[in-house]
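In this note's numbering, the protein residues as written are 26 to 122. Note that CB positions come from ideal geometry on N, CA and C, so glycine has one too. Model, not experiment: these values are computed from the prediction. One structure below.
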């Protein structure tokens, strides 16, 4: 079964049992879960920090475009959409009901 496409109005949240937080020892944002840890790069951490169940995908993308480089808006938009699709596929995030 294939997941439905991501829509601009979707609002993602971190899916339990995953816990998203900053880890000083890793100097990075991480996802903790019972079997281990996923260390995220800066852009991955910035993206998941906006998966708060309140921020829409459109708002999330706009924030990241403004944070990084507005002249690379299409590249950022495509990268964020891909990251959200992969994160949802791995079960890290879910659409807030």
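- Sequence-distant Cβ neighbours of residue 45 in its own chain, meaning closer than 6 Å and more than five residues away, are 39, 56 and 73.
- DSSP, reduced to helix, strand and coil, places residue 61 within a strand of the structure shown.
- Across the set 78, 75, 77 and 47, the C-alpha of 47 shows the shortest separation from the C-alpha of residue 63.
- In the three-state reduction of the DSSP assignment, residue 108 falls in the helix class.
- Residue 111 is positioned such that its CB atom lies no closer than 9 Å to that of residue 86.
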